[in-house]
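When you line the sequence shown up against the working numbering, it's residues 201 to 489, in that order.
Positions of the beta carbon are idealized from the N, C-alpha and C atoms, including for glycine.
Here the structure is a predicted model, which means the values were calculated and not measured.
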Amino acid sequence: MIPEYLLAKIEKSDVIYRCIGNEMKNGILACGFMRKETADRSQYHFSNEYYSCFVLLRGSGEYIAEDGTSYPLQAGSLVQRLPGVPHSTRVDPDGKWLEFFISIGKPFFDSFCSLSVLNREPVLKAELLPGDLERYQKILQSLKATPDSLLPLRIPEMEKEILRMYGYHAHRVNLQRDPIEAACDMLSQNLDEEISLEELARSLQIGYETFRKVFKKQTGVSPARYRTRKKMEQARILLEGGVPMKEIAGLVGYGDVYAFSKQFSRFFGFPPGKYRARLHTDAPDLEQF
């Protein structure tokens, strides 16, 4: 769960609604934190033309389907508002309700449905982790800052977060697999994001010190070193592809070019700029790096 002291810092609603094109039904991209402190913030017989979902971070209430079926809501409830489906959401008036929502256009929802990715049940259970709140804030700020002409670039980010809410993320593992093999897979994913090795060990149901020792014994390197290696391997590919240095830094999880360049130099013995320059010369075999 997300610690209460972090949730308490969100003192008011903070949302953004954007649209690709002119039709909200098809082009909406929206997200944000919504506080609902009183019963009059409840919504009855409500429906959207587009897809929206929210995860309840704090508080409680009730979802009432069109046929009268009632679903209790509490922290961790994932509520879906399917296009064109009437429903009611009742808020318990204790001042605690805080949700993070995402809305996307109906065509994007339809593409999920065509792949049988989304469960159409109106209320599901999301797994809330301490790092989720910071990621939600980054998504919100990113959508606010994106120029209209670049809004389509936000679509994958929004879709990815919806899938994450569904449990398609690194912390869900198949415990029938070798745990170190599963850890290697997880450490190779989402290289732009912070990952807690302690949380990773817990998800594998292994104590952290045991996990670290067994991982190093099987792979020859520590979990942290393994992840850094994956980041640097990805950075090499991006450098060879001509991706701008600042963009590469972000894609492999560094806040600025200086931090990325320092790590790259430490890992390979050459700064990334020199590595890229050698790609266009008759320098010795680059495989040494």
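What does DSSP give as the partner residue(s) for residue i in the beta ladder?
i           : result
residue 263 : 271, 289
residue 219 : 228
residue 299 : 234, 256
residue 243 : 289
residue 280 : 253
residue 304 : 229, 251
residue 456 : Note: residue 456 sits in no beta bridge, so no partner.
residue 214 : 233
Measure the alpha-carbon distance for residue i versus residue j and round it to whole angstroms.
i           : j           : result
residue 455 : residue 328 : 25 angstroms
residue 308 : residue 252 : 11 angstroms
residue 294 : residue 324 : 23 angstroms
residue 450 : residue 351 : 18 angstroms
residue 269 : residue 288 : 10 angstroms
residue 284 : residue 266 : 11 angstroms
residue 263 : residue 243 : 10 angstroms
residue 315 : residue 333 : 28 angstroms
residue 292 : residue 238 : 7 angstroms
residue 479 : residue 421 : 28 angstroms
residue 275 : residue 438 : 40 angstroms
residue 211 : residue 312 : 34 angstroms
residue 379 : residue 247 : 43 angstroms
residue 417 : residue 434 : 24 angstroms
residue 477 : residue 206 : 45 angstroms
residue 415 : residue 443 : 33 angstroms
residue 399 : residue 363 : 20 angstroms
Within this structure, are the beta carbons of residue i and residue j separated by less than 8 angstroms?
i           : j           : result
residue 219 : residue 340 : no
residue 203 : residue 245 : no
residue 299 : residue 234 : yes
residue 261 : residue 281 : no
residue 304 : residue 228 : yes
residue 225 : residue 296 : no
residue 273 : residue 256 : yes
residue 474 : residue 457 : no
residue 343 : residue 448 : no
residue 428 : residue 384 : no
residue 366 : residue 318 : yes
residue 278 : residue 326 : yes
residue 331 : residue 381 : no
So, at 7 angstroms on beta carbons, what are the nonlocal neighbours of residue i in its own chain, with the 5 sequence-adjacent residues on each side left out?
i           : result
residue 401 : 407, 408, 411
residue 392 : 450, 451, 452, 453
residue 321 : none
residue 214 : 232, 233, 340
Output needed for residue i: all residues of its chain with C-beta closer than 8 angstroms, excluding positions within five of it in sequence on either side, in chain order.
i           : result
residue 432 : 452, 463, 464, 467, 468
residue 430 : 387, 388, 391
residue 424 : 397
residue 221 : 227
residue 249 : 224, 225, 283, 284, 306
Considering only residues of the same chain and omitting the five flanking positions on each side of residue i, which have a CB-CB separation below 6 angstroms?
i           : result
residue 346 : 354
residue 461 : 471, 472
residue 336 : 300
So, is the C-beta of residue i closer than 8 angstroms to a C-beta in chain D?
i           : result
residue 436 : The chain inventory of the structure shown lacks chain D, comprising one protein chain alone.
Does any heavy atom of the ligand SAM sit closer than 7 angstroms to the C-beta of residue i?
i           : result
residue 311 : Summarising the ligand content, the structure contains no ligands, and the ligand SAM is consequently not present.
Output the residue ranges of the alpha helix (DSSP H) runs that lie fully inside the stretch 384-434 and measure 4 residues or longer, sorted by chain position.
397-403, 408-419
Quick check for students: name the residue ranges of the beta strand (DSSP E) that lie wholly in the stretch 307-367, counting only runs of 3 or more.
323-325
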